[in-house]
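Colleague: Per this note's numbering, residue 36 is the first one in the sequence shown, and the count goes up by one each step.
All residues carry an ideal CB built from backbone N, CA and C; glycine is no exception.
Treat the numbers as computed from the prediction; the structure is a model and nothing was measured.
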Amino acid sequence: MKKIGITGGIGSGKSVVSRILTTMGYPVYDSDSWAKRLMNSHPDIRQALTYRFGPDTYISNALNRAYLAQQIFNDKDALAFVNSIVHPIVCNHFVQWATAQHSEIVFIESAILFSSGLDKIVDKVIYVDAPHELRLQRAMNRDHASAEAITARINNQSHDNQHAHAHSDFIIQNDNKALISLQILSILKKINEEK
36 MKKIGITGGI GSGKSVVSRI LTTMGYPVYD SDSWAKRLMN SHPDIRQALT YRFGPDTYIS
96 NALNRAYLAQ QIFNDKDALA FVNSIVHPIV CNHFVQWATA QHSEIVFIES AILFSSGLDK
156 IVDKVIYVDA PHELRLQRAM NRDHASAEAI TARINNQSHD NQHAHAHSDF IIQNDNKALI
216 SLQILSILKK INEEK
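(1) I'd like to check one pair, lysine 71 with aspartate 158: are the Cβ atoms closer than 7 Å?
(2) At a cut of 8 Å, does the stretch 85-102 reach the stretch 180-189 through at least three beta carbon pairs?
(3) How many Å lie between serine 53 and threonine 85 at the Cα?
(4) How is glutamine 197 classed by DSSP in three states: helix, strand or coil?
(5) Which of the three DSSP states is assigned to phenylalanine 205 in this structure?
(6) What three-state label does DSSP hand lysine 37 in the structure shown?
(7) Apply the 10 Å Cβ neighbour rule to aspartate 110 and answer buried if 16 or more other Cβ atoms are within range, or exposed otherwise.
(8) Give me the Cα-Cα distance between asparagine 35 and histidine 198, rounded to the nearest whole angstrom.
(9) To which residues does DSSP link isoleucine 55 through a beta bridge?
(10) Contact defined as beta carbons within less than 8 Å: I believe histidine 202 pairs with phenylalanine 149. What is the distance between those atoms, to the nearest angstrom?
(11) Using the Cβ count rule (16 or more neighbours within 10 Å means buried), how would you classify valine 130?
(12) Between Asp204, Glu228, Asp67, Tyr61, which lies nearest to valine 121 when the distance is taken from Cα to Cα?
(13) Which residue wins for smallest C-alpha separation from glycine 44, given the options Phe108, Arg170, Val141?
(14) May I have a chain-ordered list of the beta strand (DSSP E) segments no shorter than 3 residues that lie completely inside the stretch 127-164?
(15) Would you list the residues sitting across from aspartate 112 in a DSSP beta bridge?
(16) So which of Ser193, Asn227, Pro166, Asn209 has the shortest CA-CA distance to isoleucine 55?
(17) Could you tell me how far apart the beta carbons of leucine 61 and serine 138 are, in whole angstroms, since I believe they sit closer than 8 Å?
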């Protein structure tokens, strides 16, 4: 089984690529939504976060996201702590999930593939790229946020994205010009040829 990572910056179109792959019959692990679920349910995460941030971290058995966001806002140590707890558990969960799939190729979508360490457990990485203006417009439409807020998030991710772009095996251009499906088919052909 081959494990393929899908990454890219905000508004680049990672989810579009994932949806196309799912339609083609490939299993795709959405690390963001799984991380949210695991933060709610995984006993090790719950214990560590409650120990560090106090009993208000969980309310009625659910993660108090607003409270946790306040705790890690502008506190790099607190954010690093949360990441150090959550990322390894998501990595392990993905590996377990992958072994349960009946496919020769599985995919994992993650905006933070490299910084979370997920790049270490995949065989290849696809980077989804798009022009700045398109990314800005897509993210504004999706998140109902201002241009300033989205630009700040893009700038905040820029170093990670440059690293990811440079270290990825394949690039998909999501520029509303080149057909994404044809680019995906080309990448799948190359992955299958490497067997």
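Modeller: On the basis of the supplied data:
(1) no
(2) no
(3) 33 Å
(4) helix
(5) strand
(6) strand
(7) exposed
(8) Limits of the chain in this structure are 36 at one end and 230 at the other, which puts residue 35 out of reach.
(9) None, per the DSSP bridge assignment.
(10) 7 Å
(11) exposed
(12) Asp67
(13) Arg170
(14) 140-144, 159-164
(15) Looking at the DSSP assignment, aspartate 112 forms no beta bridge with any residue, so it has no partner.
(16) Asn209
(17) One point to set straight first is that residue 61 is tyrosine, not leucine, in the sequence displayed. Contact holds; Cβ gap of about 6 Å.
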